[in-house]
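Taken in sequence, the protein lines are chains A, B, C and D.
Counting in the working numbering, the first sequence runs from 388 upward without gaps.
Counting in the working numbering, the second sequence runs from 388 upward without gaps.
Counting in the working numbering, the third sequence runs from 388 upward without gaps.
Counting in the working numbering, the fourth sequence runs from 388 upward without gaps.
We put the CB at the ideal spot given by N, CA and C, even for glycine.
Number of protein chains: 4
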Amino acid sequence: MNFASDNWAGASPRIIEALARGADGIAPAYGQDDLTRELKARLADLFGREVGVLFAATGSAANSLALSALSPPYGAVYAYEEAHIVGDEAGAPEFFTQGARLVPIAGAGGKLTPAGLEATLARGSGSGSAIPRPAVLSITQATESGTVYRRGEITALTEIARARGLKVHMDGARFANAFAFLAKADGISPADITWKAGVDALAFGLTKNGALMAEAVLLFEPEKAAELEWLRKRSGHVVSKAWPIAAQFLAMLENDHWLDLARHANAMATALSQGLVAAGHRLGYETQANEVFAVLPKAMIAQLRQAGARLYEWPVHGLPADRLPADDADLVRLVTSFATKGEEVERFLALAG
Amino acid sequence: MNFASDNWAGASPRIIEALARGADGIAPAYGQDDLTRELKARLADLFGREVGVLFAATGSAANSLALSALSPPYGAVYAYEEAHIVGDEAGAPEFFTQGARLVPIAGAGGKLTPAGLEATLARGSGSGSAIPRPAVLSITQATESGTVYRRGEITALTEIARARGLKVHMDGARFANAFAFLAKADGISPADITWKAGVDALAFGLTKNGALMAEAVLLFEPEKAAELEWLRKRSGHVVSKAWPIAAQFLAMLENDHWLDLARHANAMATALSQGLVAAGHRLGYETQANEVFAVLPKAMIAQLRQAGARLYEWPVHGLPADRLPADDADLVRLVTSFATKGEEVERFLALAG
Amino acid sequence: MNFASDNWAGASPRIIEALARGADGIAPAYGQDDLTRELKARLADLFGREVGVLFAATGSAANSLALSALSPPYGAVYAYEEAHIVGDEAGAPEFFTQGARLVPIAGAGGKLTPAGLEATLARGSGSGSAIPRPAVLSITQATESGTVYRRGEITALTEIARARGLKVHMDGARFANAFAFLAKADGISPADITWKAGVDALAFGLTKNGALMAEAVLLFEPEKAAELEWLRKRSGHVVSKAWPIAAQFLAMLENDHWLDLARHANAMATALSQGLVAAGHRLGYETQANEVFAVLPKAMIAQLRQAGARLYEWPVHGLPADRLPADDADLVRLVTSFATKGEEVERFLALAG
Amino acid sequence: MNFASDNWAGASPRIIEALARGADGIAPAYGQDDLTRELKARLADLFGREVGVLFAATGSAANSLALSALSPPYGAVYAYEEAHIVGDEAGAPEFFTQGARLVPIAGAGGKLTPAGLEATLARGSGSGSAIPRPAVLSITQATESGTVYRRGEITALTEIARARGLKVHMDGARFANAFAFLAKADGISPADITWKAGVDALAFGLTKNGALMAEAVLLFEPEKAAELEWLRKRSGHVVSKAWPIAAQFLAMLENDHWLDLARHANAMATALSQGLVAAGHRLGYETQANEVFAVLPKAMIAQLRQAGARLYEWPVHGLPADRLPADDADLVRLVTSFATKGEEVERFLALAG
């Protein structure tokens, strides 16, 4: 019963097959290989336009590289206060941007709200004011709270940003889960919720979705790729053997394998969520992607752990007052993945009944 | 009627005399001169212990150099949300520290509160949490709101900080005004409200107090001065002719000239403040140093300007609800200085009656 | 006939097998997994002492992370003028160290010489001198010229460095090839040519040796690992799935697979080198590891290319005058790898005869 | 007999008078004052075109700010190996540019040569080469060796730089001495040896020439000033009271006071130089500005010191072989200034006869 994180899961067999195929051959180094070229074309197809594609070893690096392409060193980056770039990347955004400032904004349901963004942007700081120059809005899709921005929610934010000259970054470490959710609900394309919705750069990650390591910055202003390539090189993220990363992405995109895996993870989360609600538990956030936040009695959490469940208690910051756990309870986060088995969910629900 | 800022005022005649004396002579460059040596001894006397003394061209640089001595690049610096380092230094702290993060904290009366500091420090961010490492608490004395931390208020904050391993920085751009206020009220020494109260580094500025340029970092861990000297050199703040800065500091410290000037500025602010209250105006913050924050009708502000008054409307963020200006009014900031004349205050009050 | 580079080769089958084994399981993220733990123990065995182990995505990142652990931002790093950190990493050392300076030094045979190092370190720059503080000596093993420092050559350099308070970094992107050469010749251990020879940090890479991605910083002052971990996290090199990197290292170290692969590559280079000399060609540098530098007629280079040979013309800087190519010739670099086949060498020699 | 450095001299009386005039008044802070505005117009006149003007506290800061306007973080800056930015600024260029690399180039007579510059720019570093991107050529005028680039020498270098897309920086800490020399010899204007000769940014300093602190970056691409202003603010070089710096510059430029002072310093150096040659001593470099480099017997140096002479022994690196001192002699540097008196020169020559 691994619900600790989707990055605890191994990898899809197709990933290993793709690596095995390439291991036998010869490929030019530093991204000059055929697979990388093929992937670039494939991503252009997927997003319906030319994109700059730059691999990175981690989602943190992809996020920070994207931010460094969008913000000057004296810029300010606005993000939801519980965003990964704010709370989980140890200052990587500051390092890559050479000192840009992260400005955390309160929100609702794990998301930024237009009103919250407006209020923060409107605040100056006195006549002699010299705050870092507002430069970037960052949106996480799906959010760290397992919720998903709908197309209209994205554009509501990006329009505010663009009206003030800000660029827009999207942290897509779980873009697959968000897209799988929205594609079902809304009949939309990846373009619709990225560049057509005002996003300038997407950190597109498939590691959590079943790859071993497949992260890339997608620049929807591809003319910025040349400069970012210099920054990427000096950050040590230009791997000598790039083909294994391209091979993983290609295996994922082939026949919508990435979506199949994301749909599976989402479905497991939905089942878990519905079962918990049916058993009378309260949710912290709506379950839309592959994360379930539920309020469970502390004693039950201990029993679940003893039975082998892997899960994390989670900070309640950002939760509305009526969803806060009582003293004898805790908010827990349950993450499903491509590898989650139906039996695991069933067993967990049986214990949490 | 210059109430725009204390850094609009010229300089005390004694400053010019001190410069004139030195201009005739010869002095080794880069701080190896006699006046700099003399000043270091004088500051050790004033603070009752050995201190590391490093000049900087501005208060912003002094603050940021101090922060770079106290925080690693991956550190977090906690400060009141309206602090100068947060809102008015354009990312200098990030630049000098190579990317440390400023974490703004709400407060009351222009000051940090122990509860606010505790709450912020207590917040983590999930199990995989990797926020920048908590490193520094920054306190502004006197505050940007014209209030002054009393000794007990300082220690209440520094004890929380030290219990978590944080170092403490004090922005003393108006330290003179704070000390003049406290010395009168409490019978305390500079040591009592700095290193004896848990402060590790003080950005000590006398520019606003009547010098042309007199800013320094005082390190109460003087063994850190050698490393900070390297950082200072590469930041371009090791002036070739250091004696003029030392000469200004010495002229200020001689016979407590700095305190006389600060007391005058404070007295002018008190007179202004009392006059405005007597005339029925509401204050935004208590007047303790040399800044008055008052709510005035917009029409009156316009008239005052026309009559030659220099002043700024000021953001109301941080003001308690019962002090917020009505729609036809604004919060204004009035700063007095060593050069403010009694007649200026009287004339202003006559117009604002 | 791929002699372009060892990072053009695919990967050893054992690498893929190791990844396949892990793909099926579940492992805690961010390096908390069993394989990473196992590898750390294995590396401690190999080097005969406790070591700090930090993965990175590339050799450039491993080098730069190591340098950032050894040099302050205001430090100077001394290296051979053709070292990879000087000429091929696009300023990564400057980025990771936050601005340390690389000081290139001339040498002989692709190596630093004690005399060259002494002369550079001895040079000051005037009375007011403030060059960045001498901080690190960097040695590449095997060198970019395919030569190998013998134990005595290393200690001759590190003793000079240590006498002046410098730390020592070793770029070991081809450490396997160097060790395979020296182990045969001298009967030495990895410890003998690293920490016992005065090296503080080794960038240990097996990617060129047959892995897909296996690079790590080994700190022989393991107490520095905690701080470097912070720097690594903010550089985006803490991969969420660390076990695949650990699995690759472990597969390599098991039964000395890494040495078998390196010996094969070296043997191929030796065969190539001897064949070229036998055919009357001049070598640029002695062939000790897996790189051959030979002077070939330009017409022959063109013919070899047409026959399918992959190789690079190489800058002659650093070559002694008597080895410089004539006008109708060029210096070429031929790199062999774990995947080089004997027939490739034979075919190349037949054409270059 | 102060020949230690021109920055040991005090200040011209006119500097103090200018400060005294301003001390009495009121002036908007942060460079919004009238004197700063007046100076900008005055500098536009002097250079015959619009210029961006940004003050800095030191020549090091002015140099580094200029470099940060001209080079990306992944850029390379080419300079003479004994340039101040290379050897005396403790890594300030790296700090301000966020990691650009300084590439030192050998020269002759304290100057870069076109051949040396070409050779360095021509050198790549292997096929996978990724040196930092060539970005800036830096020229020092007058040089650290007391020599002066003539107009044709400047354009010979800047044409090479421009042909490769490099920008050009000029370190003008002793621009006054250089211009005083050239204006006499060649009948040229400040424009002729700066922007009309291909220079993009000049660090223009008058501190060594008799001010207390008067340093500025002049941008001949004034549209770059807005961005540099952000970088300057975060470096702590936007002083709150800017008028004292403007006042110093204005006092210097009024009635060519700066040139009178520079001509005096140069004349003193010429007298010293001619006297030493007449006494049979050898010069290290031609005396063109206000520095004399002479080879003196060690015993004589000791006697001069005992008699009160202040001077520095100087590194011989860069000296042609036929000018190197013998074992019992040393190269000394003698710097004259606006404050040097004829009697000091006479007394020195009497002792060195």
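By the three-class DSSP mapping on this structure, what secondary structure does residue i have?
{"i": "D:K611", "result": "helix"}
{"i": "A:N389", "result": "strand"}
{"i": "B:S514", "result": "Its pLDDT being 40, under 50, B:S514 is placed unreliably by the model, and the measurement read from it follows with that caveat. Coil at B:S514, not helix or strand."}
{"i": "A:I547", "result": "helix"}
{"i": "A:F725", "result": "coil"}
{"i": "B:L605", "result": "strand"}
{"i": "A:I402", "result": "helix"}
{"i": "D:R436", "result": "coil"}
{"i": "A:R537", "result": "coil"}
{"i": "A:V703", "result": "coil"}
{"i": "B:G474", "result": "helix"}
{"i": "A:G592", "result": "strand"}
{"i": "A:I492", "result": "strand"}
{"i": "A:V732", "result": "helix"}
{"i": "B:A689", "result": "helix"}
{"i": "C:K498", "result": "strand"}
{"i": "A:A739", "result": "coil"}
If you follow the beta strand (DSSP E) that residue i is in, where does it begin and where does it stop?
{"i": "A:T527", "result": "520-527"}
{"i": "A:D558", "result": "554-559"}
{"i": "D:G462", "result": "462-467"}
{"i": "A:E741", "result": "Since the first and last residues shown for chain A are 388 and 740, residue 741 of chain A lies out of range."}
{"i": "A:L454", "result": "Per DSSP, A:L454 belongs to no beta strand (DSSP E); it is in the alpha helix (DSSP H), 446-457."}
Can you tell me whether residue i is buried or exposed, with buried defined as 16 or more other CB within 10 angstroms of its CB?
{"i": "B:L711", "result": "exposed"}
{"i": "B:R692", "result": "exposed"}
{"i": "C:S512", "result": "For C:S512, the predicted structure reports a pLDDT of 43, less than 50, and the residue's modelled location is therefore unreliable. A value from the coordinates is still provided. Classification of C:S512: buried, given that the 10 Å Cβ count is 16 or more."}
{"i": "C:R401", "result": "buried"}
{"i": "D:N642", "result": "exposed"}
{"i": "B:A567", "result": "buried"}
{"i": "B:E730", "result": "exposed"}
{"i": "C:A676", "result": "buried"}
{"i": "C:G574", "result": "exposed"}
May I ask whether a heavy atom of the ligand MN can be found less than 7 Å away from the beta carbon of residue i?
{"i": "A:Q419", "result": "Here there are no bound small molecules, and the ligand MN is not part of this structure."}
Alpha carbons only, please: which of the options is nearest the one belonging to residue i?
{"i": "C:G412", "options": "A:K427, A:W395, A:S451", "result": "A:W395"}
{"i": "B:E481", "options": "B:Q661, B:V625, B:E546, B:A448", "result": "B:A448"}
{"i": "D:L489", "options": "D:G478, D:L593, D:G496", "result": "D:G478"}
{"i": "B:L593", "options": "B:A694, B:R619, B:H644, B:A570", "result": "B:H644"}
{"i": "C:P631", "options": "A:V679, A:I403, A:D393, A:V438", "result": "A:I403"}
{"i": "C:L422", "options": "C:R436, C:F434, C:V440, C:G435", "result": "C:V440"}
Starting from residue i, trace the alpha helix (DSSP H) both ways and give me its first and last residue.
{"i": "D:R741", "result": "Only positions 388 to 740 of chain D appear in the structure, and residue 741 of chain D is not among them; the question remains open."}
{"i": "D:E505", "result": "501-509"}
Near-chain C residues of the stretch 636-668 of chain B - C-beta to any C-beta below 7 Å: Those residues of the stretch 636-668 of chain B that come within reach of chain C (Cβ to Cβ, closer than 7 Å) do not exist; the list is empty.
Taking a Cβ distance cut-off of 7 Å, strictly less, list which residues of the stretch 694-728 of chain A are near chain B, in chain order. Of all residues in the stretch 694-728 of chain A, Y699, W701, P702, H704 have a Cβ within less than 7 Å of some Cβ in chain B.
Could you name the residues of the stretch 470-492 of chain C whose beta carbon sits closer than 7 Å to any beta carbon of chain B, in the order they occur along the chain? Those would be Q485, in chain order.
Any C-beta of chain C within less than 8 Å: which residues of the stretch 607-634 of chain A qualify? For the stretch 607-634 of chain A, which is checked against every Cβ of chain C, the residues closer than 8 Å are W617, K620, R621, S622, G623, H624, V625, V626, S627, K628, P631.
May I ask you to list, following chain order, the residues of the stretch 436-456 of chain D that have a beta carbon less than 8 Å from some beta carbon of chain A? Cβ contacts with chain A come from no residue of the stretch 436-456 of chain D.
Tell me which residues of the stretch 390-413 of chain C have at least one Cβ-Cβ distance to chain A shorter than 8 Å, keeping chain order. For the stretch 390-413 of chain C, which is checked against every Cβ of chain A, the residues closer than 8 Å are A391, S392, N394, W395, A396, G397, A398, S399, P400, I402, I403, L406, A407, G409, A410, D411, G412, I413.
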